[in-house]
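In our numbering, the protein residues as written are -7 to 712. Below: one structure, written as structure tokens.
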């Protein structure tokens, strides 16, 4: 049977679904776990974001967002096929999850379902046994997690509820079983069908086809449908749900049944997205999970029009998303990028060609309606009345980022319009979920920006390429590239290769600064697109301002810590403040890794001038695509040989090996070059091993430590 034809509005509806998920999660996140009664007492009816009232940030790290958009990448790692298995998705868990740091609530074995399943996978219990009732018991297996991570599996199966339910079952059973997986299958089938139908009753009937008639989830839906007809008031129905299916009726910390019941009641009562957000969040309990699932479904049904004629949900969000995982280059993200990734997986599943990124592959293209891809105007008390940033279409029907300026003068600081490319400063205040991330842009890469001045502008405008990077005080410093003067109606391109003068500090934002030389500017500057390309050319080491004595306190106001956050690790020990080297790494048992870089890194050379092993074995890794996918030049424990190793999930395969007498405590210079299929390893500038392999075409760099310890002075990365 041929797969269903992709709907014409598929890309836009995926974008709406991604936005609906993000908005829903970020609305409910600040009061997650609150009862309805507490919400009413302290917040009242929830009709908009309340994060500021609770001293929280809007865009935060959250398991609901991370799990949803990380685990769908199993299709990339194991083949875009409808027969993707739970076992394969479990391997994607292990490749992308940094234990006790990323994605999940690490609440303890037997308390957190995902933590329990992860440990099962880590200890060799393959999915679906890793999440089964037989392995973990009914209480653990029927918590909410399978449902909250399910939306992306539906979005890759538009109009194909059977495929959505199949993929949802495989994904959900990595960690859950029973009615938790039933809820996930039903919701995924509904969301898939929502691409072609707006009828809620039809969507419910469709979802019910994929779960047992006698299941608890089916009974809950039947009950709520009846109550809605009788009550005709969501608050009355909510009380029935609490009385009959409330938290007190089920074991565990966050059971799926009460929350699923609230979601069903919400979609039956809500006439639009705005009312859905009001009902599901005012109801309470697991608000970010429930609101995220409901938001995604309703947004898919109505498309981008779901967000119109009500509160400005999209403005404060600005497309931003944080997705913590071992693939650090995917962590600081935006809804447009996620949309193209998810939609192209769906197209490939339907045997249709993927859609290339617009504007010759620009990462920031501003072609999706309303999409600003994280670009926000600088926060200055004088500027809100001077500048407004939005996605728009110009008079020649060209989409772009419109920077509307009113009364700007050179007496005011230049207006910055920037987007995040690395961990934001406020991450230190996000205590529940860590953000694992690596910089998207690094020195040696080239920024290209296509700009134009609206022909209605009254005077010329000056535009400057600008980056912001961390400094010794962990605040942000600006570095400017080239500038241009745009007269009304001008189109020009700015290009800048970022110099390696940042002292190993990560770049946190990129974009433009706008000013004028004289007069009062009234008009619009268009950022048509912005892209970055090329292999980095830089040295990564401890910044010169960083304290190098671990036994002395760090000076107040100068922690110099964000450069360290640019590395993702699974090590037992990761020290950066001992004298003599920038990195001291130790792994107590088994394998530990240290990673930085992104999948935009393709062909390059990486060298470590001083690589000293104190115990065990260690090596230099390239083309890292997670924790269990990389190539590495390894000094094998025992001091007799070296090998080029390929890591692929649980397997470590020697692509080539050589006798090489090496010693503990001795410094060596290591170099690995990757170009196309060719991988070559050098020790002290002598070629010792080479191989060819084409499994991994791109990825970052790092270190592998095997039952021991190593020190490294610096990493030097350069294009070939």
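Each residue gets a CB set at the ideal place from its N, CA and C atoms; glycine is no exception.
(message) In this structure, how does DSSP classify residue 652 when only helix, strand and coil are distinguished?
(response) Residue 652: coil per DSSP, three-state reduction.
(message) Quick check: the stretch 107 to 125 against the stretch 22 to 31, are at least 3 beta-carbon pairs closer than 8 Å?
(response) no
(request) Verify whether the separation of the beta carbon atoms of residue 497 and residue 450 is less than 8 Å. (result) no
(request) Going by CA-CA distance only, name the one from 486, 238, 288 that's closest to residue 259. (result) 288
(message) Starting from residue 198, trace the beta strand (DSSP E) in both directions and tell me its first and last residue.
(response) Looking at the DSSP string, residue 198 is not in any beta strand (DSSP E); the run it does join, the alpha helix (DSSP H), is 192 to 200.
(message) Restricting to runs no shorter than 4 residues, where is the alpha helix (DSSP H) found entirely within the stretch 192 to 248?
(response) 192 to 200, 208 to 223, 226 to 237
(request) Compute the Euclidean distance between the alpha carbons of residue 525 and residue 628, then round it to the nearest angstrom. (result) 35 Å
(request) Give me whichever residues DSSP pairs with residue 704 in a beta bridge. (result) 575, 603
(message) Measuring straight from C-alpha to C-alpha, what distance separates residue 702 and residue 278?
(response) Answer to the nearest angstrom: the Cα atoms are 44 Å apart.
(request) Indicate whether residue 275 and residue 136 have their beta-carbon atoms separated by less than 8 Å. (result) no
(request) Return the chain-ordered list of same chain residues with a C-beta closer than 8 Å to the C-beta of residue 373, the five sequence neighbours on each side being excluded. (result) Confidence at residue 373 is low in this model, with a pLDDT of 45, below 50, so its placement is unreliable and no value can be given for it.
(request) Just the C-alpha distance for residue 668 and residue 710, rounded to the nearest angstrom, thanks. (result) 15 Å
(request) Determine the direct distance from the alpha carbon of residue 280 to that of residue 271, and round the result to whole angstroms. (result) A straight-line Cα-Cα distance of about 13 Å links residue 271 and residue 280.
(request) Determine the direct distance from the alpha carbon of residue 687 to that of residue 49, and round the result to whole angstroms. (result) 40 Å
(request) Taking the CB atoms as reference points, tell me whether residue 171 and residue 298 lie closer together than 8 Å. (result) no
(request) Quick one: using the 10 Å Cβ neighbour count with 16 as the cut-off for buried, is residue 677 buried or exposed? (result) exposed
(request) Could you give the DSSP three-state label for residue 431: helix, strand or coil? (result) coil
(message) Here's the rule: buried if 16 or more other CB atoms are within 10 angstroms of the residue's CB, otherwise exposed. What is residue 0?
(response) With fewer than 16 Cβ atoms within 10 Å of its Cβ, residue 0 is classed as exposed.
(request) Output the distance between the C-alpha atoms of residue 148 and residue 197, rounded to the nearest integer angstrom. (result) 21 Å
(message) Let's see if you can read the secondary structure: which residues bound the alpha helix (DSSP H) around residue 183?
(response) 171 to 185
(message) Would residue 52 and residue 410 qualify as a contact pair, given that the criterion is a beta-carbon distance under 8 Å?
(response) no
(request) Report the residue from 572, 284, 223, 221 whose alpha carbon sits nearest the alpha carbon of residue 251. (result) Of the listed residues, the one whose Cα sits closest to residue 251 is 284.
(request) Please name the residue, chosen from 125, 72, 312, that lies closest to residue 159 on a Cα-to-Cα basis. (result) Out of 125, 72, 312, 72 has the C-alpha closest to the C-alpha of residue 159.
(request) Compare the Cα-Cα distances from residue 514 to each of 156, 598, 379, 487 and report the closest residue. (result) 379
(request) Confirm, please, whether the CB-CB distance from residue 439 to residue 488 is below 8 Å. (result) yes
(message) My output table needs one value for residue 65: the three-state DSSP class, helix, strand or coil.
(response) coil
(request) Tell me whether residue 500 is buried or exposed, calling it buried when 16 or more other Cβ atoms sit within 10 Å of its Cβ. (result) buried
(message) I'd like to check one pair, residue 636 with residue 578: are the Cβ atoms closer than 8 Å?
(response) no
(message) Residues in the same chain with beta-carbon distance under 6 Å from residue 471, minus the five sequence neighbours each way, listed in chain order, please.
(response) These residues qualify, in order along the chain: 459.
(message) Does residue 493 come out as helix, strand or coil in the three-state DSSP assignment?
(response) coil
(message) Bridge partners for residue 561 per DSSP, in chain order?
(response) 586
(request) Would you mind sorting residue 240 into buried or exposed? The rule is 16 or more other CB atoms within 10 Å of its CB. (result) exposed
(request) Please check the pair residue 383 and residue 356, which I expect to be a contact at CB under 8 Å, by giving their CB distance rounded to whole angstroms. (result) Between residue 356 and residue 383 the Cβ distance is about 11 Å, and since that is not below 8 Å, they are no contact.
(request) Starting from the Cα of residue 74, find the closest Cα among 162, 101, 23 and give me that residue. (result) 162
(message) Restricting to Cα atoms, I'd like to know which of 523, 558, 522 is closest to residue 535.
(response) The option with the nearest alpha carbon to residue 535 is 558.
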